[in-house]
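Undergrad: Attaching a single structure in structure tokens format; questions to follow.
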Amino acid sequence: MKILAAFILVLVLAAIPYAGIQYAGMTTVFGIIIPYAAVIIFIVGVVYRIVKWARSPVPFRITTTCGQEKSLPWIKQNKLDNPSGTAGVVGRMALEILCFRSLFRNTRSELRDGPRLSYGSTVWLWLAAIAFHWSFLVILIRHFRLFSQPVPHFINVLENVDGFLQIGIPTLYITDILLLAAVLYLLLRRIALPQIRYISLIADYFPLFVIFGIGLSGVLMRYFYRVNVIGVKELVMGLIAFKPHVPPDIGTLFYIHLFLIATLFAYFPFSKLMHMGGVFLSPTRNLANNNRMVRHINPWNYPVHVHTYAEYEDEFRDKMKSVGLPVEKE
Amino acid sequence: MAEELKKDALVQIDYKPPKKGWMDTPVEFRHGTYIYPARAKNLKYLDLPNPREWSPTDEDWKLPENWKEIVINGMKERLDKYRSFKVYMDICVRCGACADKCQFFIGGGDPKNMPVLRAELIRSVYRGNFTAAGKILGRVNGARKLTTDVIKEWFYYFYQCTECRRCSVFCPYGIDTAEITMMGRELLTLLGVNVNWVIEPVANCYRTGNHLGIQPHALMDMFEMMLDDIKDRTGIKIEPTFNRKGAEILFITPSADYFAEPGMYTCMGYLMLFHELGLDYTWSTYASEGGNFGLFTSHEMIKRLNAKMYAEAKRLGVKWILGGECGHMWRVVHQYMGTLNGPADFLEEPVSPITGTKFENAKSTKMVHIAEFTADLIKNNKLRLDPGRNDKLRVTFHDSCNPARAMGIFEEPRYIIKNVCNNFFEMPENTTREQTFCCGGGAGLGTDEMMEMRMRGGMPRANAVQYVHDKHDVNRLTCMCAIDRATLTTLMEYWVPDVKVTGIHELVANALVMKGEKERIVDIRGEPLKEEKGGDNV
Amino acid sequence: MYNSGKIIIGLVLFIGLVTTPIWFNIGKADVKPDPSLNTPVIQQMKVKHCIESKQFMIDNHMRLLYDWRYAVVRDNMTIYKSTTGQYFTMSLETTCFHCHSNEKQFCNQCHTYANIQPYCWECHVKPAQESANGH
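Here is the structure:
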């Protein structure tokens, strides 16, 4: 049900620019107004969300330690999985953000007869996640060719690496295939595994469909139904120079692509996609495990009622004296 | 009680979630899966809200009239105070990597025991009350209304989580279910929805200094008993001191260590070790609890109970504090004590008086873990050890959740164990160190009325023990946690009856060659050191 | 503990990255592509018409050349029959460059603008006129 709802929602979203361009010729709305609005919502929204998180303090240092602590000098510390200083934390965060270290640990438990539990390492989720995120990033960077004039050299390098197979015309990019395959895997996994389906919300299917739609429209534009790429670049360059104008005859497919991207950008700050910023702020990962070495300050640490020794002794003085325990007051 | 549960039935686990969505599946209180509520007198003693007598199976939980307002305001306050809570409410992508990492899900199959769903129990209310999209879209966006059914669900599932943090190891964003559970329990505490197994120890600890409510004279009796046993087994009369001002070190360990078997044997180990070293240390009857069930109640309660440690160290004028084998105690000492009740500037940076080693990793909090202390002694050849005395034991080691995932103290205990016994076998790697499984009874779940959930939650641990028992004939499960020593004992009796549970310093006590000791023919439990050879007892 | 300093640096980096296209292009002239048909051969043509319609060529010249290459190299076919029934030799150098002898003013105009790097020149020789023009 939720899957269908998300799917239909994305279909409707794709139909909006189609109708708007095809029948109403609203190129200014879809080519200029909506992209501007989406980017503004994206930037303001993301900053707002992160500032909102940042306004809450981190009262305790609750590092999750995944390796040997720093203790006695002859015991080898695991500096990446249990960092005790800034360098280690930077390393740990880099591994987490660039390589999805924690997800790489993933195991799958299985209950067999006996009962016998077994835990096998499983890398599929990690692999799909890595393929998805890195492909997305590479594709995003590749798009810089439409956002710059002259195009910086590293974009060419990236394109050459990505297209090194030199299949077809225009050259097939490996990341295009990887992105679509990974999104499809993540989607099918969510649908096929009963437990994952059980926990999934529309908000979990929706971004997958949107991103698949973006990827698909992009691939169709590039490899099958050509759009006027010169016109696309003229539009983009006009937007970023704040001299927007819409060149004629770009092709409706492009507007669908653009509208879905705008949807993703505008949706981003209000959704789980904020994990992009949140992963940097997770206290179990971004803090050094040096709790007993350096005191962590809690800004709202307030005084509490305690049961003092005097109160304790007052209640138990006679009993303490009877067994020879020293007391403060006779 | 445990015997009534049929093992065969217990392992018939259906991991398939029900057809109906989880929001439409209300909680059902079944005997053996929930804990009895806190008695009114205990809440009253602690000045906690809404003391009353009630039962989870009642339709009406006698919540305060404005309970919704209390919960929403409580959430708002905590969202503003804890970045962890706020961020973890927002960033979960429900990838499901955590699902089969929770021992309660593995052993029970209830989908709401998947960490992701446990958190969604609270996230759904968060979305409905604190996010624009949730307010507008409602259930479409995974939001739901706060009803009494939600409170019942929270009570049920936040007391089926042992705050072990295993899921946090696997989460790509490090989302820590312990944080979620702690917030859930704090909110429930605001309504007077607590469990007695937690609140009674808290009240006891507040009053008498220890969870078990042992008063000072009774505590002395217990030590007399242990000291007599030590004399009986080693011929040495030990005379420890209590509440002594001017001692160099204050020693604090969980009260369970001197209250009952098998913790007592570990406690006897400490006594013998310190005696042999001639350590200038003292026990305290006021700070006679290492553990802190405040951790299972609220952050405020952590502070209220933990305050005794520094207060007593200051009153007695010791230089630093040494802490015994305990799990959640060390989560508090390591991650909360310095922040909440520090700075401990009246203490000195800990230095071992025996080896001269500076414990630099404890220079701020000024409290050293006994495993660090003893490993350092052994490394510096300060102990005469005869590991052969543990030869009848075939030992494995259970990393306790908190020392593992809140400290990362892995090598120290293993180093000690390998030096005091000859037969040590590791459990499979996905069940040890940072991936260790909980005993099933941590975070205040270790009570008898919870037996079914405990046996389920403990199954992954028991299963790994079974593995080394079958493969290496392991007959002793070592751990450095007082809750473990109690709960694993029950767990082993149920799943792997041939395996007994022990603390590390019990093994040390067996192996420790003491000056002036008589020939040891029995171990610290009073059982023969060597297995008797003879006819088969069939 | 708020770590506001680090978070502010992070936010500035974020905004900087997202707005890269804006500041990257500040002060750079936005030269639109203007492919030139001004070559001696074209000028002499009475009917200025490529082998297919202009729009077809804009959209599909890459596809056409790709197909030509395949036909010539793999299938040994060298003659192309256009939709208007004319016959052409399938050759970049002798057919295309015969008229479009101005690579820089013709091909590169759009290719540079859209950052397309055709690998024609890995095998083919660029039109001779280029060097003669001293570009």
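Chains as they are written, first to last, in my numbering: chain F, 1 to 330; chain S, 331 to 868; chain L, 869 to 1003. Every residue, glycine too, gets a C-beta built ideally from N, C-alpha and C. Keep in mind it's a predicted model, so treat the numbers as computed, not measured.
(1) Below 7 Å between beta carbons is the criterion; list the residues of the region 225-240 of chain F that meet it against any residue of chain L, in chain order.
(2) Inspect the CB distances between the region 637-650 of chain S and the region 663-682 of chain S and report whether three or more fall short of 8 Å.
(3) DSSP state of S:S498, grouped into three classes?
(4) Roughly how many angstroms separate the alpha carbons of F:L26 and F:L260, rounded to a whole number?
(5) Just to confirm, are S:R811 and S:C656 a CB contact at a threshold of 7 Å?
(6) Measure the beta-carbon distance from S:V831 to S:P592 and round it to whole angstroms, keeping in mind my assumption that it falls under 8 Å.
(7) What are the residues that DSSP puts in a beta bridge with S:M789?
(8) Quick check on F:M237: does DSSP put it in helix, strand or coil?
(9) I need the straight-line Cα distance from L:E920 to L:R942, nearest angstrom please.
(10) Could you tell me if S:A734 is buried or exposed, where buried requires 16 or more neighbouring beta carbons within 10 angstroms of its beta carbon?
(11) Could you list which residues in chain S have their beta carbon closer than 9 Å to that of F:R116, in chain order?
(12) With distances taken from CA atoms, which of S:E782, S:K482 and S:A794 is nearest S:A339?
(13) How is S:H799 classed by DSSP in three states: helix, strand or coil?
(14) CA-CA distance, F:Q68 and S:E334?
(15) Can you pull the chain F neighbours of L:D902, defined as C-beta to C-beta under 7 Å?
(16) So, does the CB of F:A84 fall closer than 7 Å to a CB anywhere in chain L?
(17) So, is the C-beta of F:F60 closer than 7 Å to a C-beta in chain S?
(18) L:F892 CB to nearest chain F CB: under 7 Å?
(19) At a CB-CB cut-off below 8 Å, which residues of chain S make contact with F:D204?
(20) Kindly indicate if chain S contains any beta-carbon less than 7 Å away from that of F:H275.
(21) Only counting the same chain, and skipping five residues up and downstream in sequence, which positions put a Cβ closer than 8 Å to that of L:S950?
(22) For F:K79, decide whether its Cβ has a neighbour in chain S, counting only Cβ atoms nearer than 7 Å.
(23) Using a 10 Å radius around the Cβ and a threshold of 16 neighbouring Cβ atoms, would you call F:V157 buried or exposed?
(24) Would you mind sorting S:H835 into buried or exposed? The rule is 16 or more other CB atoms within 10 Å of its CB.
(25) Inspect the CB distances between the region 39-51 of chain F and the region 261-268 of chain F and report whether three or more fall short of 8 Å.
(26) Beta-carbon within less than 8 Å of L:V909's beta-carbon, same chain only, minus the 5 sequence neighbours each way: which residues are those?
(27) What's the C-alpha gap between S:P875 and S:M444?
(28) State yes or no: is the C-beta of S:V826 within less than 7 Å of the C-beta of S:A792?
(29) Alpha helix (DSSP H) containing S:S287: first to last residue?
(30) Which stretch, first to last residue, makes up the alpha helix (DSSP H) that contains S:T538?
(31) If we call anything under 7 Å between Cβ atoms a contact, is F:G284 one with F:I130?
(32) What are the boundary residues of the beta strand (DSSP E) that F:S322 is part of?
(33) Starting from the Cα of S:F485, find the closest Cα among S:D562, S:V423, S:L520 and S:A473 and give me that residue.
(34) Which class does F:F270 belong to by DSSP, given the choice of helix, strand or coil?
(35) Helix, strand or coil for S:C768 per DSSP?
(36) Go ahead and pull the three-state DSSP assignment for F:S118.
TA: In short, the structure shows the following:
(1) R226, V229, I230, K233, E234, M237 and I240
(2) yes
(3) helix
(4) Residue 26 of chain F is actually Met in this sequence, not Leu. Cα to Cα, F:M26 sits roughly 16 Å from F:L260.
(5) The sequence shown places Cys at residue 811 of chain S, not Arg. Yes, Cβ-Cβ distance for S:C811 and S:C656 is below 7 Å.
(6) 6 Å
(7) In the DSSP output, where bridge partners are listed per residue, S:M789 has none listed.
(8) helix
(9) 23 Å
(10) buried
(11) N793, Q796 and Y797
(12) S:E782
(13) helix
(14) 41 Å
(15) Neighbours of L:D902 on chain F: none; closest Cβ ~11 Å, over 7 Å.
(16) It is Ser, not Ala, that sits at residue 84 of chain F in the sequence shown. So no, F:S84 is outside the interface.
(17) yes
(18) yes
(19) V423 and R424
(20) yes
(21) I919, E920 and F956
(22) no
(23) exposed
(24) buried
(25) yes
(26) H966, C967 and S969
(27) Residue numbering for chain S in the displayed model covers 331 to 868; residue 875 of chain S lies beyond these limits and cannot be assessed.
(28) yes
(29) Past the boundaries of the shown model lies residue 287 of chain S; chain S is included only from 331 to 868, so the question cannot be answered.
(30) N526 to T538
(31) Checking the sequence, you will find Thr at residue 284 of chain F rather than Gly. Cβ distance not < 7 Å, so F:T284 and F:I130 don't count as in contact.
(32) First-last for F:S322: Y309 to S322, but that is the alpha helix (DSSP H), not the beta strand (DSSP E).
(33) S:L520
(34) helix
(35) coil
(36) strand
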